[in-house]
Amino acid sequence: MVRWMLFFSWTQLLPLVFSEYKDLDSLCASQQSCKNCLQTPRCVWCSTPVSNQNENGPAVRCVTRERLLNEGDLWCRKSDVIDEVSKMSLLENQPLSSTKGSDPVQLQPQRVRLTLRRGEEYRISLKYSQAEDYPVDLYYLMDLSKSMASYRDRLSKLGFQLAEAMQKLTSNFRLGFGSFVDKVELPMTSTQPDKLKSPCFLKEKGQPCASPYDYKNQMPLTDNFTLFKTRVQEAPVSGNLDWPEGGLDAMMQAMVCTKEIGWRWNARHLIVFSTDAGFHIAGNGKLAGIIEPNDCLCHLNEEGFYTHSLLQDYPSVAQINKVAREHNMNIIFAVPSQRNTTYQLLSGSISGSSVGTIDHNSQNVVALVSGEYEKLVNSITMTDDAPKMIEVKYFSRCLETNGELKERKECDGLRVGNVVEFEVVLQASECSPDSSEWQKSIQIKPRGINESLTIDLNIICDCPCEQPGHLGYKAASEDCRGNGTLVCGICSCNDGFYGKQCECEGNDVGTESAAVTSECRPNNETTEICSGHGICKCGVCVCRKRPNPQEVFKGKYCECDNFSCKRSKGLVCGGRGKCECGTCNCFPGWGGETCDCKESNSTCIPSKSETMEICSGRGDCICGSCYCREKDSIRYSGQYCEECPICPGQRCEELKNCVECVAHKTGPFAENGKCSQCLHDIDIVDHVEEDPEKDEKTGARICRILGDGGCTFVFKYEYYRGGSGGDIKIFHILAEKKRTCPKPINVLGVAVGLIISTVILGFLILFIWKIVTMIHDKREYIKFEKERAQAKWDKGDNPLYKKATSTFSNPTFNKRIKD
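Mind the numbering: the sequence shown is residues -19 to -1, 1 to 800 in mature numbering (1 follows the signal peptide of the UniProt record, and there is no 0), read in order.
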């Protein structure tokens, strides 16, 4: 079955491949200059002068590499072929090292020179190894408004514990401290004279607050941890009017003031940002009449105060993200649980940041910072500053030596001594009109580390023979009748001349002979000159200009254009490719007639999927997206067709065996009391609380599952999708300690109860019947007595009674007797 499917796939693919080569041949042939030819992927140029064309020159100057291999010298002399290829040379390649007392080398190589041709990929191997005892600079940035006063006191006591915990991870550790409140201007802060002196009163201390301020660097980075405790305790607590604080002002200064804070170049930079409030962002300064945008520069005075608080607006989130990337900052937002959602959203927009929840007494600060640091050093995420025209992809096996090479830029579970190798694939998608943009310096580095691979990049966008001084560049060339410059084998005519060899004078079209106009027709089967899109000048087609200067006809016979390709969403080639000779030449990573299909299936496979099934085996990958289909009468959904909207439990069935085993020691996974097949972390609680609003925000689901013995157990799980294009991770499962089991049926009790209830019910029915009958008889008797009292006959005679005999008298008989 598998072989048949592979055969079917190839039979479907072969026509596409051949059609692609056919289109590429046409695309190459339409290029009329060496520069345009080399900017077309897989095309080569022949620079044989025009005067030699009849002898051994080509009819078409730009062809595919495949045609060059097939025809060789029959098409063009080898010495005249111009085919620039991508190549790389190593400039700095120090081996990986991690020796105490010397600067570590965690990335190899360190610098290369790369010549890259447009549209062609080049792979660079890059190695990374985590260094032992790498230096760490940790700067604690704390909100010291009145509501955070208690946190300050606790932090000063935790200073030594924090230092001890971090020194277990690295002996080369320094600690610093800064505080912030907000801009001292309405409506952020009250400007009444007494409020400017002391905006609040600390009941616990029995003293007024300090004067309001925006940000102050209380203590630069140092290894004097006793001084840290003192400075934290001495830091002034102040207050403001509105709820949000000026935290982004403080964060910007803490990152850009390298000298004042004391950041070391070769150290990991950590900022622990602690607050119980929200934050002001760019634009909020207008409320106080501050309209000057933040310049992302350092403005601290000798005392450590931020001097431009009232001169510049708050920084934007994008500015914070940009500066954090440039200065290799790793930010940990340590906030109370009620602020977790706000800072989760902020963290999602700042690379290299994370969010942790601090409890009421701040006792978990040490564990929080240590844990986040360990996550940081035990993983690597590659970043780069490549411009838009350079596409960079990362492939790695991570720690799986024999594993499959996957497209990914991060690896987890690293330890000191592990070596991870990445294959970095670079591709130039276009050539800028500005030739100064053809040379770039790109840095590729692990997030949060200053070491990087620097690539001195030169994009091939023209031909050497187009530059004055090259052998292929001849001014007033005899091949051009002295009326033009020979450039890469073709003539660039002076003003007043035109033609293949600049043999024609003037700029106007005169009466052309049939022999001359035949040069402007692709063959004798058509009489149309220059495909109807131009005029013939001395045997050369001059293409007509369009009203829109961006739309042009080109080609030897003006047969090509850059605007007649199919459109998607109103854009030519969907805006993801260039229209060349009626065919969309898609940018790297896109395909299809309108360049609206992603070529890779990697976006349809979860990054950490063990089975590597496309769309979880429940859908088809079309244009880089999963289109789910019906399977087992169930319609799945989700980015990878992993979700079942109509299933009542969604992932309940997947997790039930694991929860039942861990929480209740029963179920299919319970073997000898061990749950070896369960890899999830499960917390046992007395009761799983339901909060529909909160659960909807956090993505939590409640599951009630029928398990062994007919017992029902309850658990709740939360999950999230890791990053863009990441797989679903379940990170929190709560299971109730007790199950609800059905009690056994008491057969004897049920039988006795049934008999008793039947007897009682029978007596009750008879009793009710007797009462109803008595009431009815009583009513009928009363009615009878009433009717008898109203009767008009003698009570002794019954008017209804009739005797059985009747007596009749004969009057005649009586008379005879009398006579």
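Glycine included, every Cβ here is placed at the ideal spot set by N, Cα and C.
Please read all numbers here as calculations on a predicted model, not as lab measurements.
Where residue i falls, given that 16 or more other Cβ within 10 Å makes a residue buried
i      : result
Arg155 : buried
Asp577 : buried
Tyr340 : The sequence given here places Asp at residue 340; Tyr does not occur at that position. The residue in question, Asp340, is exposed, as its Cβ has fewer than 16 Cβ neighbours within 10 Å.
Gly704 : Unreliable positioning characterises Gly704 in this predicted model, as indicated by a pLDDT of 44, which lies under 50. A coordinate reading is not provided.
Asp415 : exposed
Gly520 : buried
Met310 : buried
His261 : buried
Trp246 : exposed
Met755 : exposed
Lys637 : buried
Leu71  : exposed
Pro168 : exposed
Trp224 : exposed
Arg98  : buried
Spatial distance of residue i from residue j (CA atoms)
i           : j      : result
residue 801 : Lys108 : No information on residue 801 is available, as it lies outside the stretch -19 to 800 that the chain covers here.
Lys783      : Phe789 : 15 Å
His514      : Cys565 : 20 Å
residue 852 : Asn221 : Residue 852 lies beyond the range of the chain shown here (-19 to 800); nothing can be said about it.
Cys541      : Lys535 : 5 Å
Pro189      : Phe286 : 21 Å
Glu1        : Gly572 : Because Glu1 sits at a pLDDT of 42, beneath the cut-off of 50, its placement in the model cannot be relied upon, and the following sentence gives the value as read from the coordinates. Roughly 11 Å between the two C-alpha positions.
Tyr698      : Leu715 : 6 Å
Gly570      : Cys604 : 10 Å
Gln20       : Ile331 : 37 Å
Ser255      : Met123 : 5 Å
Lys518      : Thr364 : 54 Å
Asn543      : Cys15  : 19 Å
Asp460      : Lys481 : 10 Å
Glu418      : Ala263 : 32 Å
Phe376      : Glu391 : 9 Å
Leu467      : Leu452 : 10 Å
Ser219      : Phe182 : 9 Å
Ser160      : Glu635 : 47 Å
residue 801 : Lys751 : The question about residue 801 has no answer here: the residues shown for the chain are numbered -19 through 800.
Ser334      : Leu77  : 27 Å
Gly450      : Val66  : 22 Å
Asn321      : Leu143 : 22 Å
Tyr727      : Cys656 : Checking the sequence, you will find Asn at residue 727 rather than Tyr. Rounded to the nearest angstrom, the two C-alpha atoms are 35 Å apart.
Phe748      : Lys764 : 25 Å
C-beta contact flag for residue i and residue j at 8 Å
i      : j      : result
His645 : Arg720 : yes
Tyr194 : Gln234 : no
Gly555 : Thr575 : yes
Glu101 : Val406 : no
Gln87  : Ile371 : no
Cys607 : Gly600 : yes
Ile63  : Cys444 : yes
Gln300 : Cys277 : yes
Arg249 : Val117 : yes
Leu229 : Tyr295 : yes
Thr96  : Asn439 : yes
Cys27  : Cys57  : yes
Gln111 : Val397 : yes
Leu281 : Ala216 : no
Val162 : Gly227 : yes
When the options are compared against residue i, the one with the closest alpha-carbon
i      : options                           : result
Val346 : Arg135, Asn321, Cys442 and Asn475 : Arg135
Lys369 : Ser410, Ser597, Leu636 and Cys562 : Ser410
Ser11  : Ser581, Lys612 and Gly563         : Gly563
Pro317 : Val358, Ile441, Ile301 and Thr338 : Thr338
Thr164 : Leu735, Ala457 and Asn265         : Reading off the sequence, residue 164 comes out as Lys, not Thr. Nearest option by C-alpha distance: Asn265.
Lys59  : Ile741, Val25, Asp84 and Ser78    : Val25
Pro725 : Trp246, Gly691, Gly453 and Lys718 : Gly691
Glu402 : Ile361, Pro85, Gln319 and Ser657  : Ile361
Glu670 : Asp662, Cys684, Cys659 and His661 : Cys684
Ala269 : Asp54, Leu251 and Ser290          : Ser290
Ile436 : Leu380, Gln91 and Asp6            : Gln91
Asp114 : Gln148, Gly157, Arg104 and Phe744 : Gln148
message: Give the list of continuous alpha helix (DSSP H) stretches no shorter than 4 residues that lie fully inside the region 128 to 215.
response: Taking only runs of at least 4 residues, the alpha helix (DSSP H) segments lying wholly in the region 128 to 215 are 130 to 150, 174 to 178 and 206 to 215.
- prompt: Residue ranges of each beta strand (DSSP E) run of no fewer than 3 residues wholly in the region 631 to 700, ordered along the chain?
  reply: 663 to 666 and 681 to 687
field: Secondary structure, beta strand (DSSP E): runs of 3+ residues fully inside the region 235 to 292
entry: 249 to 255
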